[in-house]
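Single-structure report; data block below.
Residue numbers (the UniProt record's numbering), protein chains in the order written: chain V, 1 to 321; chain S, 1 to 321.
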């Protein structure tokens, strides 16, 4: 999709700077390189950042109390606070000490943390000359960005807002060293539901009925604790899931967790295997004669397969969850 | 303690208004009365509000990640967000629908929620003519205030801040109908520690060592989950407590929970009895001959009493926690 580049500019000076392709390249910044390497030395780095953003978004949405799952529904004070929450969660995730002037010290370098939902980072004056860890997350696309840049006049727009904060100019963006430009953010299940499923959920009141509806309609994909407490608007997701199992058993719906028989059944049926605090639901029917081709799980001694939409409901087998 | 009243006034007009004791009393506001009654009809109302403030404060402090337990350590964006969090938690606690213009509908009346740590509520223009639920909490004094007032020119200061918000004038304060002026806020254990105990905690690094130290020094009072995760800077308070039990057993320290033998032992020793998610620690020694006067608990068949500071350590009995 072509993009109207003019919308990226508030300032004609910035436009000129963006076109200045002949400017001499600055020498590599050893601070940036070292901090990049420090992060890259972490096993599972992408997952770790994904968790930082997922946890921050979920906590500020506070689905269990508000039923919300869409950042567009956040109030202005909550969006502002989201930046603080990301700074806190990221500090904890990497166990980063506080700097003298900036938020973090990373391998001896002062680094400021800056989060912006839309990637329009606002840089305070105090960050001049320091490194900034630039972070953004897009919950609709399930992606995130993490990059590092050293703040200089060269990378900032002219002007600035009433607090004297300035954003990164288009030419400044070319100086950002990216850890992730398209990092995979753990999916926000409820935000990604198709309209028909969303409508089915909203047909019933929040609470156990809506949890039942979630597991009645959302099959074959991982459902996390947060999705359950958000549609329940109650705490104690495991209890909601146990109740849903009982209430959906006669329709043939099974809800697999991470314990006992669950992972084996999930694997046999070709479903994703839930981690702790997540579940996967499906509808099963007794497996027909050989040759049907569907994966089969032996549950309570009998073969079961994932039901096709046209197969009529059959009570679920008893699973040792 | 005498108070310098002049510090309460920004505006000399307000001072005059405050002295205007001869003004005719306004007629009772039936909306205020009905909303007051609606709240008062809730069993356990004081505890419910206490939980609203305790949860809101603890969540924004985010002790598990930050180690903080003092609201004075919050950043400005966090203090602003605290008001939003209280609005959310209060809505959930009383299951209040959203109003058309204001935050809540309470028994048919639109009510705006306003929280301020210091009780300097800032009232937006849109609230004019509406009811406001005014809330504040003092974590040092373990108190909270909840009141209702109908917003009118009469109750507001002149002027206002850059957003056009105005505070309640001194004379306006006399119009507030209080549900609680000195409500009991559940105690913030760590904030209330004496300097010697705080120093003992800070002598060891955060984590299990500091959890051990907490239960080594803080005896005879309820320690909640939040206090444990804050000194641990880790999740899973029950695991931290189980480990502390093992590590402190040879010093004679027992840490009672809410299950199995724990409540019985707590009761027999004259200690507060923990609810779920809370604990109480003490140091015990074999009870001396009768006549000693201390309460005695029979644990594993032998009598134990709370140790006096001068009694030397004796290994703790094995308790079925």
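All residues carry an ideal CB built from backbone N, CA and C; glycine is no exception.
inquiry  = In whole angstroms, give me the CA-to-CA distance for residue 7 of chain V and residue 175 of chain V.
reply    = Taking the first residue of the first chain as position 1, residue 7 of chain V is located at position 7. Taking the first residue of the first chain as position 1, residue 175 of chain V is located at position 175. Annotation note: pLDDT 38 at residue 7 of chain V (below 50); position unreliable, coordinate value reported separately. Approximately 20 Å, taken between the alpha carbons.
query = In terms of alpha-carbon separation, which member of V:321, V:278, V:219 and V:81 lies closest to residue 309 of chain V?
reply = One-based indexing of the first chain puts residue 309 of chain V at position 309. The alpha carbon of residue 309 of chain V has as its nearest neighbour, out of V:321, V:278, V:219 and V:81, the alpha carbon of V:219.
key: Within 9 Å, strictly: CB atoms of residue 53 of chain V and residue 135 of chain V   = Position 53 of the first chain, counted from the start, is the residue given in the question as residue 53 of chain V. Position 135 of the first chain, counted from the start, is the residue given in the question as residue 135 of chain V. Cβ atoms of residue 53 of chain V and residue 135 of chain V: closer than 9 Å.
task = List the residues of chain A whose Cβ lies closer than 8 Å to the Cβ of residue 88 of chain V, in chain order.
result = The chain inventory of the structure shown lacks chain A, comprising the protein chains V and S.
request  = Compare the beta carbon distance of residue 193 of chain S and residue 185 of chain S with 9 Å and say whether it is the shorter of the two.
outcome  = Locating residue 193 of chain S in the second chain gives position 193, where the first residue counts as 1. Locating residue 185 of chain S in the second chain gives position 185, where the first residue counts as 1. Taking the C-beta atoms as reference points, residue 185 of chain S is found no nearer than 9 Å to residue 193 of chain S.
inquiry  = Using a Cβ-Cβ cutoff of less than 7 Å, which residues in the same chain neighbour residue 31 of chain V once the five nearest sequence positions on both sides are dropped?
reply    = For the purposes of this step, residue 31 of chain V is identified with residue 31 of the first chain, where counting begins at 1. Once the five neighbours on either side are set aside, the close Cβ partners of residue 31 of chain V are 109, 131 and 150.
key: 9 Å Cβ cut-off: residues of chain V touching residue 143 of chain S   = Here residue 143 of chain S corresponds to residue number 143 of the second chain, with the count starting at 1. One finds nothing in chain V with a Cβ atom closer than 9 Å to the Cβ of residue 143 of chain S; even the nearest lies about 24 Å away.
request  = Over the uninterrupted alpha helix (DSSP H) stretch that includes residue 289 of chain V, give me the two end residues.
outcome  = What you label residue 289 of chain V is simply residue 289 of the first chain in a count that begins at 1. Unbroken run through residue 289 of chain V: none, as it is neither H nor E.
ask   = Below 8 Å, can you find three or more Cβ-Cβ pairs linking the region 152 to 165 of chain V to the region 102 to 118 of chain V?
value = The region 152 to 165 of chain V vs the region 102 to 118 of chain V: no contact.
With 16 other Cβ atoms within 10 Å as the buried cut-off, status of residue 298 of chain V = Here residue 298 of chain V refers to the residue found at position 298 when the first chain is read from its first residue. The residue in question, residue 298 of chain V, is exposed, as its Cβ has fewer than 16 Cβ neighbours within 10 Å.
request  = Give, in chain order, every residue of the region 87 to 121 of chain V whose Cβ lies closer than 7 Å to some Cβ of chain S.
outcome  = Of all residues in the region 87 to 121 of chain V, 88, 89 and 92 have a Cβ within less than 7 Å of some Cβ in chain S.
query = If the cut is a Cβ gap below 8 Å, which residues of chain S does residue 80 of chain V touch?
reply = Counting from 1 along the first chain, the entry for residue 80 of chain V is found at position 80. Contact note: residue 80 of chain V reaches chain S through 77, 80 and 81, using a C-beta cutoff of 8 Å and chain order.
Where residue 126 of chain V falls, given that 16 or more other Cβ within 10 Å makes a residue buried = The residue labelled residue 126 of chain V in the question sits at position 126 within the first chain. Counting Cβ neighbours within 10 Å, residue 126 of chain V comes out exposed, since fewer than 16 surround it.
ask   = Comparing the C-beta of residue 233 of chain S with each C-beta of chain V, is any distance below 9 Å?
value = For the purposes of this step, residue 233 of chain S is taken as the residue at position 233 of the second chain. At least one beta carbon of chain V lies nearer than 9 Å to the beta carbon of residue 233 of chain S.
ask   = Helix, strand or coil for residue 231 of chain V per DSSP?
value = As a working note, residue 231 of chain V is residue 231 in the first chain. Residue 231 of chain V sits in a helix when the DSSP states are folded into three classes.
inquiry  = Nearest by alpha-carbon distance to residue 76 of chain S: which of S:313, S:61, S:244 and S:221 is it?
reply    = The residue given as residue 76 of chain S occupies position 76 in the second chain. When C-alpha distances from residue 76 of chain S are compared across S:313, S:61, S:244 and S:221, the shortest belongs to S:61.
query = Which class does residue 1 of chain S belong to by DSSP, given the choice of helix, strand or coil?
reply = Indexing the second chain from 1 puts residue 1 of chain S at position 1. Here residue 1 of chain S scores only 39 on pLDDT, less than 50, and its place in the model is too uncertain to base an answer on.
key: Chain-ordered chain V contacts of residue 84 of chain S [CB-CB under 8 Å]   = As a first step, residue 84 of chain S is located in the second chain; it is residue number 84 there, counting from the start. Contact of residue 84 of chain S with chain V by beta-carbon distance below 8 Å involves 75, 77, 78 and 81.
key: Which of helix, strand or coil DSSP assigns to residue 217 of chain V   = Reading the first chain from its first residue, position 217 is the one you call residue 217 of chain V. For residue 217 of chain V, the secondary structure class from DSSP, reduced to helix, strand or coil, is helix.
message = Would residue 36 of chain S and residue 165 of chain S be called neighbours here (beta carbons separated by less than 9 Å)?
response = Within the second chain, numbered from 1, the residue matching residue 36 of chain S stands at position 36. Within the second chain, numbered from 1, the residue matching residue 165 of chain S stands at position 165. The answer is no: Cβ separation not under 9 Å.
ask   = For residue 59 of chain S and chain V, any beta-carbon pair shorter than 9 Å?
value = The count along the second chain starts at 1 and reaches residue 59 of chain S at position 59. Residue 59 of chain S counts as touching chain V.
message = Which complete beta strand (DSSP E) runs does the region 222 to 275 of chain V hold, if anything under 3 residues is left out?
response = When DSSP assignments are scanned along the region 222 to 275 of chain V, the uninterrupted stretches of beta strand (DSSP E) that are 3 or more residues long and fall wholly within it turn out to be 222 to 224 and 253 to 256.
request  = Check whether the Cβ of residue 213 of chain S lies closer than 9 Å to any Cβ atom in chain V.
outcome  = Position 213 of the second chain, counted from the start, is the residue given in the question as residue 213 of chain S. With a threshold of 9 Å between beta carbons, residue 213 of chain S makes no contact with chain V.
message = What residue range does the alpha helix (DSSP H) around residue 143 of chain V cover?
response = Against the first chain, residue 143 of chain V aligns to sequence position 143. Boundaries around residue 143 of chain V are those of the beta strand (DSSP E), 143 to 150, since no alpha helix (DSSP H) includes it.
message = Measuring straight from C-alpha to C-alpha, what distance separates residue 58 of chain S and residue 162 of chain S?
response = On the second chain, residue 58 of chain S is found 58 positions in, with the first residue counted as 1. On the second chain, residue 162 of chain S is found 162 positions in, with the first residue counted as 1. Their Cα atoms are separated by approximately 30 Å.
key: Cβ-based burial, residue 260 of chain V [other Cβ within 10 Å; buried from 16]   = On the first chain, residue 260 of chain V is found 260 positions in, with the first residue counted as 1. Exposed.
ask   = When you compare only the Cα positions, how much space is there between residue 140 of chain V and residue 68 of chain V?
value = Counting from 1 along the first chain, the entry for residue 140 of chain V is found at position 140. Counting from 1 along the first chain, the entry for residue 68 of chain V is found at position 68. Taking the straight line from one Cα to the other gives about 14 Å.
ask   = From the DSSP output, which residues share a beta bridge with residue 298 of chain S?
value = Here residue 298 of chain S refers to the residue found at position 298 when the second chain is read from its first residue. Per the DSSP secondary-structure output, residue 298 of chain S pairs in a beta bridge with S:303.
ask   = How about residue 146 of chain V and residue 215 of chain V: do their beta carbons lie closer than 9 Å?
value = The count along the first chain starts at 1 and reaches residue 146 of chain V at position 146. The count along the first chain starts at 1 and reaches residue 215 of chain V at position 215. In this structure, the beta-carbon distance from residue 146 of chain V to residue 215 of chain V does not fall below 9 Å.
key: DSSP three-state assignment for residue 135 of chain V, whether helix, strand or coil   = Your numbering for residue 135 of chain V matches position 135 in the first chain. When secondary structure is reduced to three states using DSSP, residue 135 of chain V falls in the strand class.
ask   = According to the neighbour-count rule (16 or more other Cβ atoms, all chains shown, within 10 Å of its Cβ), is residue 293 of chain S buried or exposed?
value = By one-based count along the second chain, residue 293 of chain S stands at place 293. Counting other Cβ atoms within 10 Å of its Cβ, residue 293 of chain S stays below 16 and is therefore classed as exposed.
ask   = Going by DSSP, which residues form a beta bridge with residue 123 of chain V?
value = Numbered from 1 along the first chain, position 123 holds the residue referred to as residue 123 of chain V. Answer is V:166.
message = Excluding the 5 residues flanking residue 264 of chain V on each side, which residues of the same chain have their C-beta closer than 8 Å to its C-beta?
response = One-based indexing of the first chain puts residue 264 of chain V at position 264. Around residue 264 of chain V, the same chain offers 297 as residues with beta carbons nearer than 8 Å, after the five sequence neighbours per side are excluded.
key: residue 316 of chain V, DSSP secondary structure in three states   = Residue 316 of chain V sits at position 316 when you count from the first residue of the first chain. Assignment of residue 316 of chain V by DSSP, reduced to helix, strand and coil, places it in the coil class.
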